[in-house]
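My numbering numbers the first residue of the sequence shown as 155 and each following residue consecutively.
Since the structure comes first, as structure tokens, the remarks are kept for the end.
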Amino acid sequence: MATSAEAPTEQLEACSIQGTIVYTSEKNGSDENGDGSQEKPFQTPLQAYRQHGDNVTIYVDSKDETK
155 MATSAEAPTE QLEACSIQGT IVYTSEKNGS DENGDGSQEK PFQTPLQAYR QHGDNVTIYV
215 DSKDETK
């Protein structure tokens, strides 16, 4: 199990059921032009689910600009 000193992403990876990893960003993503990568995230988790189905781990960026 992850310790509190590990980064949140590492904790999530340790707990997740491995599937396709997809990134979303409400601020920088696009449901029309995104591909779910870190460089071209989807805007919404719903689009990530639509494109990749049930076996997907969706990372959502923070709405807090300092994180």
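Backbone N, C-alpha and C fix where the C-beta goes; we use that ideal spot for every residue, glycine too.
Burial state of Gly190 (16 or more Cβ within 10 Å): Residue 190 sits at position 36 when you count from the first residue of the sequence shown. By the 10 Å Cβ count, Gly190 comes out buried.
Neighbour-count burial assignment, Gly183, 16 or more Cβ in a 10 Å radius: On the sequence shown, residue 183 is found 29 positions in, with the first residue counted as 1. Gly183 is buried by the Cβ-count criterion.
CA-to-CA distance, Tyr213 to Gln197, given in whole angstroms: Counting from 1 along the sequence shown, the entry for residue 197 is found at position 43. Counting from 1 along the sequence shown, the entry for residue 213 is found at position 59. Whole-angstrom Cα-Cα distance: 11 Å.
Proximal residues to Asn209 (C-beta, below 7 Å), its chain only, five neighbours per side dropped: For the purposes of this step, residue 209 is taken as residue 55 along the sequence shown, with counting starting at 1. Excluding residues within five positions, the ones whose Cβ falls inside 7 Å are Gly173 and Thr174.
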